[in-house]
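J.: Take my numbering: the last position of the sequence shown gets the number 148, and nothing is skipped along the way.
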Amino acid sequence: MGEYLIREHARQAGLEVEVASSAITDYEIGNPIDTRAGRILTARGIDPSGHRASRFVAEDFDRYDLILAMDTPHYLHLKQLARTEDDKAKIRMMRSFDPAMAGKNLNELGIYDPWYGQMRDFEYTTELIDTAARALIAGLAAEGDAA
């Protein structure tokens, strides 16, 4: 969901960004987005039908300027996968961009996968991601205005 929400907010802000989402395991590789997440995105006018899960690899640090982790285990895994201090510096928790989360510790910043939950869990997760995505894009837009 994060990939699509970030992309949509960037589009609305007139920013061109490259956004991709990746897993840290092979379990879902090649699978489409969860149908519940897909329904939520579709209701927002976002088409996630082309999504297929892929795995994050160390070379992705070379491809992207910012690597966002949704939860603490993913963050820690990415830190271990990082090859250099520069790689590590690219890793942030998604929710760290939410102004309401300023000063929170790593464990408080997690947006956990609602996979085992109900539709309301997906809706809640979407709101957390959306808030952080809006703030991330607003920050990027402000940087662009300052340049």
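No residue lacks a Cβ here, since even glycine has one placed at the ideal position from N, Cα and C.
#1: Report the rounded CA-to-CA distance for L141 versus Y28, giving the unit in angstroms.
#2: Check R56 in the structure and name its three-state DSSP category.
#3: Compare the beta carbon distance of H52 and I138 with 7 Å and say whether it is the shorter of the two.
#4: Since S23 and D63 should fall inside the 8 Å C-beta cutoff, what is the C-beta to C-beta distance between them, to a whole number of angstroms?
#5: Confirm, please, whether the CB-CB distance from I34 to F57 is below 7 Å.
#6: So, with DSSP's three-state summary, where would you put R135?
#7: Roughly how many angstroms separate the alpha carbons of T85 and K91, rounded to a whole number?
#8: Check the C-beta distance from A38 over to D99 and give it rounded, since I have them as a contact under 8 Å.
#9: Could you tell me which of E4, I41, E144 sits nearest to S55, measuring between CA atoms?
#10: Can you round the beta-carbon distance between I112 and D72 to whole angstroms, since I take them to be within the 8 Å contact cut?
#11: Looking only at C-alpha atoms, which of S97, R93, R40 sits nearest to H78?
#12: Considering only C-alpha positions, which residue in the set L42, V18, N106, Q13 is nearest to D66?
#13: Taking 7 Å as the cut-off, decide whether the C-beta atoms of R96 and A143 are in contact.
#14: Contact defined as beta carbons within less than 8 Å: I believe F123 pairs with I41. What is the distance between those atoms, to the nearest angstrom?
#15: In angstroms with no decimal places, state the Cα-to-Cα distance between G31 and W116.
T.: With the structure as the only source:
#1: 33 Å
#2: strand
#3: no
#4: Contact flag wrong, Cβ pair sits at about 14 Å.
#5: no
#6: helix
#7: 10 Å
#8: Wrong, their Cβ atoms sit about 19 Å apart, outside the cutoff.
#9: E4
#10: 6 Å
#11: R93
#12: V18
#13: no
#14: 6 Å
#15: 17 Å
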